[in-house]
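First the structure, in the form of structure tokens, and then the observations on it.
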Amino acid sequence: MTEIPAVGLREPCPCGSGKRYKACHGKARARESIAHVTRPFAGLVSECDWVAFREIVPAATSPLTLREATDRRIILTTVLPLAWPALVRDNGDIYLALQVTTGSGDPSRDAADALLRALETELGAPVPPVGLPGPGPRLQDLVSDQPLVVTVHDNFDYWMADEASVDAPGVRDSLDRANSKVMPTVRLTSVDSAYWVDMGGKVFLRWVMPQPEEALLDALARLHVAGHIALPDVPSRFVGSFRADGLLVPVWELTEGTSAQDVESSAATFGQQLATAFDVTDSLTSPERRARAGLQNRQITLR
């Protein structure tokens, strides 16, 4: 079959049907563009932190290395002014954001499209949102197998590293609004992808875990019945979990005044307990099945 090229959605379809492209061959491309990917960052090193950047961390950055060598510096970030997908600084540095307001069912494809457009964008200019990107490379095709080196920021002042960021109308207001909503957040160092956050008087630990959901729920149920579902050695309460980009994120509420440092050793101990629970191959007992059902009923899905 002859490949039908993509054109503007309102233009005549190149197949000669007389219909607009969006009502003809554009339909199939649109469906392919918005197909939902359950785990969009699967296969990327530091998948859990990719999910955290997109879903739970207010302000953070990490350098990225591309598979194809480039002299450009690429910085992953959570969000940019005016929800831009990417920003090119005067010095050629590219900031790539994951928290955007538009996109298809595959955030990895969306981010890859923004990155490729940024590489072709003039210096000192934002990369604006566009329509659905259509088929093409994903982050897994572009980003090298290097773990993220996460820096959590107290505010978004890093947006203003050069004057180009300030030129666009509304950027300063966007910065002020974003800074007013930043929740103090700390990434733990004793375990991977666990984030302490102060949400205005209530303190939580949100831990993005890579294990398959069914197995993780089994392990958590075993710990619940054994009396080990709370974080050890610190006053805490397991409040449930949520799904984000195909991964489960258990959440604990901590006593007010509990710092991130206070939780480090407790999180490490809990991680060991969880690993031991994963090693159990016996079928769940009746109490464990009831506990699992309760854990499952307390889940929500972000995306």
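For what it's worth, our numbering labels the leading residue of the sequence shown as 52, then goes sequentially. The beta-carbon is built from N, C-alpha and C at its ideal position, and this holds for glycine as well.
Residue from 326, 211 and 140 whose Cα sits closest to the Cα of residue 274
Start at 1 with the first residue of the sequence shown, and residue 274 comes out as number 223. Checked all of 326, 211 and 140; the closest Cα to residue 274 is 326.
Beta-carbon within less than 6 Å of residue 297's beta-carbon, same chain only, minus the 5 sequence neighbours each way: which residues are those?
The residue given as residue 297 occupies position 246 in the sequence shown. These residues qualify, in order along the chain: 89 and 90.
Coarse secondary structure for residue 202, derived from DSSP in three states
Your numbering for residue 202 matches position 151 in the sequence shown. Looking at residue 202 - three-state DSSP - the assignment turns out to be strand.
Tell me whether residue 149 is buried or exposed, calling it buried when 16 or more other Cβ atoms sit within 10 Å of its Cβ.
Against the sequence shown, residue 149 aligns to sequence position 98. Buried: at least 16 other Cβ atoms inside 10 Å.
The beta strand (DSSP E) that contains residue 127, what's its start and end?
On the sequence shown, position 76 is the one that residue 127 refers to. That run of the beta strand (DSSP E) goes 125 to 128.
When DSSP labels each residue in this structure, what does residue 312 get in the three-state scheme?
Against the sequence shown, residue 312 aligns to sequence position 261. If DSSP states are grouped into helix, strand and coil, residue 312 belongs with the helices.
Since residue 178 contacts residue 114 with CB under 8 Å, what's their CB separation in whole angstroms?
For this step, residue 178 is matched to residue 127 along the sequence shown. For this step, residue 114 is matched to residue 63 along the sequence shown. The Cβ separation is near 18 Å, so there is no contact.
Touch check for the region 91 to 109 and the region 119 to 138: three-plus C-beta pairs under 8 Å?
yes
Rounded to whole angstroms, what is the Cα-Cα separation between residue 54 and residue 239?
Reading the sequence shown from its first residue, position 3 is the one you call residue 54. Reading the sequence shown from its first residue, position 188 is the one you call residue 239. Reliability fails at residue 54, whose pLDDT of 48 lies under 50, so the model's placement of it is uncertain and no value is given.
Taking the straight line between their C-alpha atoms, what separation do you get for residue 208 and residue 145?
Stepping through the sequence shown from its first residue, residue 208 is reached at position 157. Stepping through the sequence shown from its first residue, residue 145 is reached at position 94. If you take the alpha carbons of residue 208 and residue 145, they lie about 16 Å apart.
Looking only at C-alpha atoms, which of 92, 333, 277 and 242 sits nearest to residue 194?
As a working note, residue 194 is residue 143 in the sequence shown. For the residues 92, 333, 277 and 242, the minimum Cα distance to residue 194 belongs to 92.
Compute the Euclidean distance between the alpha carbons of residue 196 and residue 70, then round it to the nearest angstrom.
Position 145 of the sequence shown, counting from 1, holds the residue named residue 196. Position 19 of the sequence shown, counting from 1, holds the residue named residue 70. Rounded to the nearest angstrom, the two C-alpha atoms are 45 Å apart.
Can you give me the C-alpha to C-alpha distance between residue 156 and residue 341, rounded to a whole angstrom?
Against the sequence shown, residue 156 aligns to sequence position 105. Against the sequence shown, residue 341 aligns to sequence position 290. Cα to Cα, the separation comes out at about 34 Å.
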